[in-house]
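Heads up: the protein sequence lines correspond to chains A and B, in order. The first sequence begins at 157 in the numbering used here and counts up by one. The second sequence begins at 157 in the numbering used here and counts up by one.
Number of protein chains: 2
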Amino acid sequence: MSQTVTEFGVHDIRFPTSEQLDGSDAMNPDPDYSAAYVVLRTDDGAEGHGFCFTIGRGNDVLAAAIEALRPYVIGRPAPRTAADLAALHIELTHDSQLRWLGPEKGVMHMAAGAVINAAWDLAARTAGLPVWEFLAAMTPEELVSLVDFRYLTDALTPAEALEILRAAEPGRAERAARLRAEGYPAYTTSPGWLGYSDTKLVTLAEQAVADGFEQIKLKVGGDLDDDVRRMKLARAAVGPDIRIAVDANQRWDVPDAIRWMTALAPHEPHWIEEPTSPDDILGHAAVRAGQPVKVATGEHGANRVLFKQLLQADAVDFVQIDAARVAGVNENLAILLLAAKYGKPVCPHAGGVGLCELVQHLAMFDYVAVSGTWDDRVIEYVDHLHEHFTDPVVIDSGRYVAPDAPGFSARMRPESIAAHRYPEGPVWQARRTTEEVNS
Amino acid sequence: MSQTVTEFGVHDIRFPTSEQLDGSDAMNPDPDYSAAYVVLRTDDGAEGHGFCFTIGRGNDVLAAAIEALRPYVIGRPAPRTAADLAALHIELTHDSQLRWLGPEKGVMHMAAGAVINAAWDLAARTAGLPVWEFLAAMTPEELVSLVDFRYLTDALTPAEALEILRAAEPGRAERAARLRAEGYPAYTTSPGWLGYSDTKLVTLAEQAVADGFEQIKLKVGGDLDDDVRRMKLARAAVGPDIRIAVDANQRWDVPDAIRWMTALAPHEPHWIEEPTSPDDILGHAAVRAGQPVKVATGEHGANRVLFKQLLQADAVDFVQIDAARVAGVNENLAILLLAAKYGKPVCPHAGGVGLCELVQHLAMFDYVAVSGTWDDRVIEYVDHLHEHFTDPVVIDSGRYVAPDAPGFSARMRPESIAAHRYPEGPVWQARRTTEEVNS
Chain A
157 MSQTVTEFGV
167 HDIRFPTSEQ
177 LDGSDAMNPD
187 PDYSAAYVVL
197 RTDDGAEGHG
207 FCFTIGRGND
217 VLAAAIEALR
227 PYVIGRPAPR
237 TAADLAALHI
247 ELTHDSQLRW
257 LGPEKGVMHM
267 AAGAVINAAW
277 DLAARTAGLP
287 VWEFLAAMTP
297 EELVSLVDFR
307 YLTDALTPAE
317 ALEILRAAEP
327 GRAERAARLR
337 AEGYPAYTTS
347 PGWLGYSDTK
357 LVTLAEQAVA
367 DGFEQIKLKV
377 GGDLDDDVRR
387 MKLARAAVGP
397 DIRIAVDANQ
407 RWDVPDAIRW
417 MTALAPHEPH
427 WIEEPTSPDD
437 ILGHAAVRAG
447 QPVKVATGEH
457 GANRVLFKQL
467 LQADAVDFVQ
477 IDAARVAGVN
487 ENLAILLLAA
497 KYGKPVCPHA
507 GGVGLCELVQ
517 HLAMFDYVAV
527 SGTWDDRVIE
537 YVDHLHEHFT
547 DPVVIDSGRY
557 VAPDAPGFSA
567 RMRPESIAAH
577 RYPEGPVWQA
587 RRTTEEVNS
Chain B
157 MSQTVTEFGV
167 HDIRFPTSEQ
177 LDGSDAMNPD
187 PDYSAAYVVL
197 RTDDGAEGHG
207 FCFTIGRGND
217 VLAAAIEALR
227 PYVIGRPAPR
237 TAADLAALHI
247 ELTHDSQLRW
257 LGPEKGVMHM
267 AAGAVINAAW
277 DLAARTAGLP
287 VWEFLAAMTP
297 EELVSLVDFR
307 YLTDALTPAE
317 ALEILRAAEP
327 GRAERAARLR
337 AEGYPAYTTS
347 PGWLGYSDTK
357 LVTLAEQAVA
367 DGFEQIKLKV
377 GGDLDDDVRR
387 MKLARAAVGP
397 DIRIAVDANQ
407 RWDVPDAIRW
417 MTALAPHEPH
427 WIEEPTSPDD
437 ILGHAAVRAG
447 QPVKVATGEH
457 GANRVLFKQL
467 LQADAVDFVQ
477 IDAARVAGVN
487 ENLAILLLAA
497 KYGKPVCPHA
507 GGVGLCELVQ
517 HLAMFDYVAV
527 SGTWDDRVIE
537 YVDHLHEHFT
547 DPVVIDSGRY
557 VAPDAPGFSA
567 RMRPESIAAH
577 RYPEGPVWQA
587 RRTTEEVNS
């Protein structure tokens with residue numbers, strides 16, 4: 157049976173989250189969580205879904221960038237194997253003309269990631285496996301073939317990657333079974349958004365502990381006195397044994413970060429996340445050296461070259477991959493291998509729209525077949541917008557339940573897509589009508 | 157008299173340069189030099205022009221990104237002063253939602269640069285000055301106010317920037333007069349494109365010397381034996397006293413770069429440009445340490461944070477700014493100040509479409525008011541597509557003649573814009589007809 161991609165649908169989907177200040181932080185006061193969404197369909201009726209996550213304005217620019225990739229997919233055989241997925245990844249990221257728009261960063265690279273992830277969704281569904289199991293069923297050689305080693309070989313060669321993967325081959329089945337039985341450790345950011353009141357913060361922090369989470373996260377970086385007060389409130393609410401991470405969302409220069417975290421350090425934050433520019437490798441290294449709190453970053457890391465250097469410079473304690481910012485599963489596999497080589501735990505960024513759904517697969521695959529451990533590892537969880545997905549994440553006692561359904565858990569409900577199309581969907585039409593009435 | 161921006165025109169302009177292999181290099185075999193072009197018009201008839209340079213596919217994505225910035229400009233007063241231009245720069249680069257698409261890199265950041273540069277063109281025309289003189293007429297305090305110091309203060313504080321600019325204040329008039337009399341040193345890349353035959357290479361290299369250039373550049377990185385042969389041919393053609401720079405256009409991993417340049421070193425290349433990923437600060441430092449040839453990079457440097465680290469890590473000998481990749485004049489001013497702080501010469505990247513026209517202003521301003529010297533400094537010159545501009549660069553005896561015309565030399569001829577619109581312009585319609593006839 158042939159399986160040719162015959163449709164390539166691109167959608168600008170936005171949720172009016174700024175109305176509730178969900179997702180507010182020191183750099184992003186009023187996000188409207190959005191997805192530039194792509195649906196591949198084949199002549200035999202199979203589908204693959206993928207997306208970029210944005211926070212509102214500019215989601216149309218990403219949709220235009222995804223459109224620019226249409227010729228690489230439409231009318232061509234649907235990828236099924238590691239070899240197919242490796243070839244698609246190289247085609248999308250090595251196009252010399254499109255590469256000029258990055259290279260390998262920003263809008264064009266995120267768009268490539270959306271299409272690559274959609275192809276993984278399609279291939280895993282065709283195989284009848286969730287993406288984490290689809291990956292974990294591949295041989296070390298197949299996994300190495302998925303990675304673009306360009307610009308990596310001074311830090312990680314294909315031979316070293318193969319060695320890492322072969323070392324983790326024994327025990328894959330046992331770890332997969334344990335994962336299915338116990339789930340993967342999660343932490344929750346839901347209590348800590350900067351726009352929330354102290355009361356809401358305390359209530360949600362207590363709830364997080366009651367729900368079984370062993371780590372929460374607070375947004376910081378607006379005002380130091382506020383941050384100290386909120387840190388104390390949170391510590392009182394959760395007790396001494398629950399980890400409290402803090403996240404500055406790129407708010408500071410290096411000297412500010414050191415001063416601020418020196419002041420917060422007595423309250424024992426587990427890590428400081430994104431203390432400064434995500435591009436500032438040397439800056440992260442300086443922050444790590446200049447104050448006592450461990451450093452985490454990566455959700456805005458543009459590509460594998462950035463992660464390589466964060467590891468080479470010993471600039472981070474925790475590597476935070478994001479499923480939808482780099483060039484999809486393939487580039488995240490490169491980053492997982494780099495982290496394994498340098499012995500740093502990967503603690504994925506999630507939240508937004510569908511990022512929890514996607515990234516759980518990568519962390520679970522890392523546990524089963526790359527690092528072989530979940531010690532010191534934890535996936536971010538934010539309780540927003542999961543109801544819009546056909547296979548939403550399931551959290552049980554502070555852990556992600558391993559997904560069973562085939563694919564990447566990336567599929568948004570058709571009625572959610574229809575309602576939230578921007579600007580023509582009924583949710584946005586109703587909002588404009590309300591604004592007109594109120595004005 | 158009011159001056160409000162009432163029009164914001166965006167154009168996708170492409171030139172079919174791939175037909176001649178002009179611009180071919182180790183990473184870009186078939187570029188169609190293109191511009192995502194923006195025209196601001198005011199109610200009193202003034203205009204400001206700006207653009208991003210691309211090499212073909214994806215130029216439409218950049219046009220969409222420029223469109224996303226329309227609300228920041230349309231219906232608002234036209235910027236005239238340093239304060240206006242500082243405010244516009246911050247608004248365009250700090251929008252929290254659009255910033256998510258970078259941050260400060262790739263498509264969205266290049267689009268911001270096009271609009272900011274268009275505003276500079278407009279403001280300088282209103283002042284009746286070329287941009288280099290418009291800048292050089294500002295006080296040190298005004299110039300400092302143009303810079304976004306976020307993420308820079310561990311390397312350069314506003315006070316240090318002010319000190320650099322004050323130190324260069326004496327002698328501004330003398331240097332401007334000398335610049336007008338002598339022009340600014342240039343080098344030419346025209347002989348060295350990878351797609352050219354040996355005969356064409358030698359002929360053009362000889363011509364470059366006859367034309368008064370003291371430096372040429374060859375593209376390398378395709379095949380080492382070819383590069384050694386071409387380097388020998390070029391050296392024989394130009395003699396021992398002409399500098400020959402080489403440019404790998406990001407072709408290598410770090411170990412490849414060291415091996416290749418060790419082999420080319422006996423032929424005394426002046427610098428190796430873009431030996432590896434433009435994001436790889438530590439990689440450039442390793443290449444610089446691992447072989448004897450000086451290192452140049454920057455044309456794909458995403459933002460001031462990248463340049464800061466290249467300087468902090470002592471990774472480069474020459475800083476290659478590009479007028480249209482970062483966020484316009486303002487961010488390039490930050491980079492000029494960083495380079496001055498670290499004592500590294502700035503040798504701008506140019507070529508493409510209109511990049512020579514733009515960047516000459518920045519190098520000349522640097523000479524007059526920042527570094528105060530042109531020792532070891534040289535602006536790239538490529539003899540392509542200048543005929544499409546109303547104020548094309550003028551080269552005399554291997555030097556850029558200081559522009560006299562008000563503005564940024566950024567204005568493309570209306571008939572060139574009309575002819576090269578993509579896909580509907582007559583040049584592209586004719587090309588499609590030819591392809592149909594030949595197929």
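Even for Gly, the Cβ is constructed at its ideal location relative to N, Cα and C. Everything numeric in this text was worked out from a predicted model, so none of it was measured.
Quiz prompt | Of the residues 323(A), 552(A), 195(A), 309(A), the one placed nearest residue 167(A), counting alpha carbons only | solution = The shortest C-alpha separation from residue 167(A) is found at 195(A).
Quiz item: What does residue 415(B) touch in chain A if you count any residue whose Cβ is under 9 Å from its own?
Solution: Residues of chain A passing the Cβ test: none, with the nearest at roughly 12 Å.
Exercise. Reducing DSSP to helix, strand and coil, say where residue 512(B) ends up.
Key: Looking at residue 512(B) - three-state DSSP - the assignment turns out to be helix.
Practice problem: Using a threshold of 7 Å, state whether the C-beta atoms of residue 418(A) and residue 371(A) are closer than that. | Solution: No, the pair does not count as a contact, with Cβ atoms beyond the cut-off.
Quiz item: If you follow the beta strand (DSSP E) that residue 209(A) is part of, which residue opens it and which one closes it?
Solution: Per DSSP, residue 209(A) belongs to the beta strand (DSSP E) from 203 to 210.
Exercise. Closer than 7 Å by beta-carbon distance: list the chain B residues that pair up with residue 183(A), in chain order.
Key: Here the neighbours are 252.
Quiz item: DSSP on residue 638(B), reduced to helix/strand/coil?
Solution: With chain B covering 157 to 595 only, the question about residue 638(B) has no answer from this structure.
Quiz item: Name the DSSP beta bridge partners of residue 448(B), please?
Solution: Residue pairing by DSSP places residue 448(B) in no beta bridge whatsoever.
Quiz item: Run through DSSP, which three-state label would residue 259(B) get?
Solution: Taken through DSSP and simplified to helix, strand or coil, residue 259(B) comes out as coil.
Quiz prompt | Within chain A, partners of residue 456(B) - CB distance below 7 Å | solution = Per Cβ cutoff of 7 Å: 259.
Practice problem: Could you please tell me which residues of the segment 206 to 221 of chain B, in chain order, have their CB closer than 8 Å to any CB of chain A? | Solution: Shown in chain order are the members of the segment 206 to 221 of chain B whose Cβ falls below 8 Å from a Cβ of chain A: 210, 211, 212, 213, 214, 216, 217, 218, 220, 221.
Exercise. Could you pull the start and end residues of the beta strand (DSSP E) that residue 484(A) belongs to?
Key: Careful: residue 484(A) lies outside any beta strand (DSSP E), inside the alpha helix (DSSP H) at 484 to 498.
Quiz item: At least one CB of chain B closer than 7 Å to the CB of residue 256(A): is that the case?
Solution: Judged by the 7 Å Cβ criterion, residue 256(A) is in contact with chain B.
Exercise. May I have the straight-line CA-CA distance separating residue 302(B) from residue 479(B), to the nearest angstrom?
Key: Their backbone Cα atoms lie some 16 Å apart in a straight line.
Quiz prompt | Alpha-carbon to alpha-carbon, residue 562(A) and residue 138(A) | solution = Limits of chain A in this structure are 157 at one end and 595 at the other, which puts residue 138(A) out of reach.
Exercise. Mind checking the segment 421 to 455 of chain B against chain A and listing, in chain order, the residues whose C-beta falls within less than 9 Å of any C-beta there?
Key: Against chain A - using a Cβ distance shorter than 9 Å - the residues of the segment 421 to 455 of chain B are 432, 433, 434, 435, 436, 437, 438, 439, 442.
Quiz item: For the segment 380 to 411 of chain A, which residues have a beta carbon sitting closer than 8 Å to at least one beta carbon of chain B?
Solution: Those residues of the segment 380 to 411 of chain A that come within reach of chain B (Cβ to Cβ, closer than 8 Å) are 406, 409, 410, 411.
Quiz item: Is the Cβ-Cβ distance between residue 256(B) and residue 211(A) less than 7 Å?
Solution: Yes, Cβ-Cβ distance for residue 256(B) and residue 211(A) is below 7 Å.
Quiz item: On the three-state DSSP scale, how would you describe residue 601(A)?
Solution: No answer is possible for residue 601(A): it lies beyond the span of chain A, which begins at 157 and ends at 595.
Self-check item: Outcome for residue 385(A) when other beta-carbon atoms lying within 10 angstroms are tallied against a minimum of 16
Solution: For residue 385(A), the number of other beta carbons within 10 angstroms of its own is below 16, and it is reported as exposed.
Self-check item: Stretch pair the segment 399 to 410 of chain B + the segment 426 to 437 of chain B: three plus CB contacts closer than 8 Å
Solution: Output reads yes: the segment 426 to 437 of chain B touches the segment 399 to 410 of chain B.
Self-check item: Nearest candidate by alpha-carbon position, reference residue 262(B), set 566(A), 354(A), 217(A)
Solution: The option with the nearest alpha carbon to residue 262(B) is 217(A).
Self-check item: Neighbour flag for residue 476(B) against chain A, beta carbons, 7 Å
Solution: For residue 476(B), the closest Cβ of chain A is not nearer than 7 Å.
Quiz item: Heavy atom of the ligand GDP less than 6 Å from the Cβ of residue 576(A), yes or no?
Solution: Ligands are entirely absent from the displayed structure, and the ligand GDP is therefore not among its contents.
Quiz item: Does DSSP put residue 376(A) in a helix, a strand or coil?
Solution: Residue state, collapsed to three classes: coil.
Self-check item: Candidates 550(B), 512(B), 589(B): closest to residue 560(B) by CA position
Solution: Minimum Cα distance to residue 560(B) is reached at 550(B).
Self-check item: Selection from 410(B), 426(B), 377(B) that minimises the alpha carbon distance to residue 399(B)
Solution: Among 410(B), 426(B), 377(B), the Cα nearest to that of residue 399(B) belongs to 426(B).
Quiz item: Does the distance from the CB of residue 428(B) to the CB of residue 466(B) come in under 7 Å?
Solution: Remark: C-beta atoms of residue 428(B) and residue 466(B) do not approach each other more closely than 7 Å.
Quiz item: What residues are listed by DSSP as bridge partners for residue 197(B)?
Solution: Per DSSP, 163(B), 203(B).
Quiz item: For residue 272(A), which of 208(A), 330(A), 293(A) has the nearest alpha-carbon?
Solution: Taking only the C-alpha atoms, the option nearest residue 272(A) is 208(A).
Exercise. For residue 190(B), write down the residues that DSSP places opposite it in a beta bridge.
Key: Residue 190(B) is bridged to 170(B), 210(B).
Practice problem: Mind reading off the beta-carbon distance from residue 282(A) to residue 411(B)? Whole number of angstroms is fine, and I expect it under 8 Å. | Solution: So it is not a contact: roughly 39 Å between Cβ atoms.
Quiz item: What residues are listed by DSSP as bridge partners for residue 343(A)?
Solution: 536(A), per the DSSP bridge assignment.
Practice problem: List the whole-angstrom C-beta distance separating residue 569(B) from residue 589(B), where the pair is believed to meet the contact cut-off of C-beta under 8 Å. | Solution: Contact between residue 569(B) and residue 589(B) is ruled out by a C-beta separation of about 24 Å, above the 8 Å threshold.
Quiz item: List, in order along the chain, the chain E residues whose C-beta lies closer than 8 Å to that of residue 363(B)?
Solution: The chain inventory of the structure shown lacks chain E, comprising the protein chains A and B.
Quiz item: Quick one: which chain B residues come within Cβ less than 9 Å of residue 187(A)?
Solution: In chain order: 252, 253, 256.
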